[in-house]
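Beneath this line is the structure, given in structure tokens, with notes to follow.
In the numbering used here, the protein residues as written are 221 to 710.
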């Protein structure tokens, strides 16, 4: 099947510019632009091809299950496997045809805000935004790339920022104003991205003329990623040494955190420059990836797809067409429940250093009918702090939200504290916030766990709906990173 514009002459031209030994850096700019142009032009044909393959597979399944086919099963089954094998790369190519040209700046320069989200310090939108990057792409080439400490931008603008932070941030994180570093407060990455863009551009607008702080005046796309994705990339590039430190896939998160928190002082580096080692690491990693032989590009694609699936890499675009594609394929980190009941548990590490790796979570969800014939849900989040006090670990302080369908009525909460034990030795109970957001209702409460101890936070509520329980089947859709046990009494 010939895709739109992919003539034999064109394919020969592209093949002439790419060899198994060649690298991305070796590709001429005109070759990159030509690939993007042809890819964009082929989007509809690729979609059609993928659709036809799906139909073909469905028909082959029906045929193999039909009576009278007999030995045809042994012919159809391997053919169906071949069709399935062809679908995945074509589906990926179809998605790329609709997304990549925009991000890579095919028609005009593309301004991308990079969010370095540290999942060792969990925040609802992925992880604390300790650093950021400004990236400009045009025609598939990186025109400009800089990274910086988020605090550098926030502190430069702190006298002018007036937007009030969410109450839990003010209450438990001593943050009166809402700064860019805390912008991913929503678990919906698209919603967080909109706010991150707003706060970033607002703070950039407060910078003095001639400021050297990395900035951009327009944001077309956002890319958020965690150290987990960086670790997987390092497993491909191999160890990278910058600033006298060697980063590997095993140590990148801890070593980088130590260097920007303590190591810089031991090396005599000014605090304002403590995250320059991150910039050096990013630039060297980019160089290494661009220098990989084309035969190894599939390895980068594999870990990138893994990161997108596991939400270690998240994408957002201000282009509505591109954003629709990202949401459709699940790369946008959007919240979208289709079942009758839904549950999402979201932690926000507030002033707990990088303690999350030491905290294990176990969620139990029970549904039962009370004496008033109401269907009641009970979510118990059991925290086990397996760490100890050290340079990156402390007592775990979390503002935990449970997201449920609108109409859910809160009955009560157990295990919520007014503050941690150092500020609340009498263990006074904390309040519960009830908020409607992202099409759901959330119940939020603060709790804390000392190293070496366990603690359980429990939410109990009346379920919003039982209209579709006519078949005695209870349907629950969840977004959880924790272990989950579900108990239902029907």
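We put the CB at the ideal spot given by N, CA and C, even for glycine.
All figures in this text were calculated on a predicted structure; none of them were measured in a lab.
Residue i versus residue j - alpha carbon distance
i	j	result
residue 647	residue 479	36 Å
residue 474	residue 611	11 Å
residue 437	residue 352	15 Å
residue 530	residue 524	10 Å
residue 627	residue 662	11 Å
residue 689	residue 591	Residue placement at residue 689 is flagged as unreliable, the pLDDT there being 47, under the threshold of 50; a coordinate-derived value is accordingly withheld.
residue 678	residue 453	39 Å
residue 565	residue 620	7 Å
residue 446	residue 571	19 Å
residue 596	residue 630	10 Å
residue 313	residue 512	21 Å
residue 254	residue 603	53 Å
residue 521	residue 457	13 Å
residue 378	residue 422	11 Å
residue 337	residue 660	25 Å
residue 665	residue 277	49 Å
residue 282	residue 297	11 Å
residue 650	residue 607	25 Å
residue 637	residue 644	8 Å
residue 460	residue 498	12 Å
residue 404	residue 349	8 Å
residue 389	residue 395	6 Å
residue 687	residue 578	Bear in mind that the predicted position of residue 687 carries a pLDDT of just 48, short of 50, making it too unreliable to give a figure here.
residue 492	residue 573	20 Å
residue 428	residue 681	51 Å
residue 494	residue 481	8 Å
Contact check, residue i vs residue j, beta carbons under 8 Å
i	j	result
residue 582	residue 672	no
residue 633	residue 654	no
residue 243	residue 455	no
residue 555	residue 361	no
residue 257	residue 333	no
residue 343	residue 568	yes
residue 616	residue 658	no
residue 552	residue 411	no
residue 534	residue 346	yes
residue 435	residue 549	no
residue 391	residue 545	no
residue 439	residue 370	no
residue 316	residue 357	no
Residue nearest to residue i in terms of C-alpha spacing, selected from the options
i	options	result
residue 449	408, 470, 431 and 396	470
residue 415	537, 424, 400 and 328	400
residue 669	658, 423 and 614	614
residue 419	330, 429, 383 and 443	383
residue 381	344, 388 and 425	425
residue 503	433, 396, 618 and 367	367
residue 274	517, 248 and 308	308
residue 432	372, 441 and 255	372
residue 247	586, 643, 510 and 618	510
residue 417	389, 526 and 538	538
residue 321	259, 340 and 374	259
residue 674	601, 562, 681 and 625	601
residue 542	442, 508 and 485	442
residue 580	340, 268 and 306	340
residue 311	375, 398 and 272	272
Those residues which DSSP pairs with residue i across a bridge
i	result
residue 637	649
residue 621	566 and 664
residue 674	604
residue 466	461
residue 351	336 and 369
residue 358	361
residue 266	For residue 266, which the question treats as bridged, DSSP gives no partner whatsoever.
residue 576	DSSP output for residue 576 lists no bridge partner at all.
residue 330	357
residue 616	669
residue 244	None, per the DSSP bridge assignment.
residue 513	243
residue 656	661
residue 630	681
Where the beta strand (DSSP E) containing residue i begins and where it ends
i	result
residue 595	595–605
residue 367	361–369
residue 589	579–589
residue 535	533–537
residue 442	441–445
Residue interval of the alpha helix (DSSP H) (run including residue i)
i	result
residue 258	249–261
residue 644	Per DSSP, residue 644 belongs to no alpha helix (DSSP H) and is neither H nor E.
residue 425	409–425
residue 381	Premise fails: residue 381 is in no alpha helix (DSSP H) and is neither H nor E.
residue 480	Where residue 480 is concerned, there is no enclosing alpha helix (DSSP H), given that its DSSP letter is neither H nor E.
residue 389	387–393
residue 547	540–549
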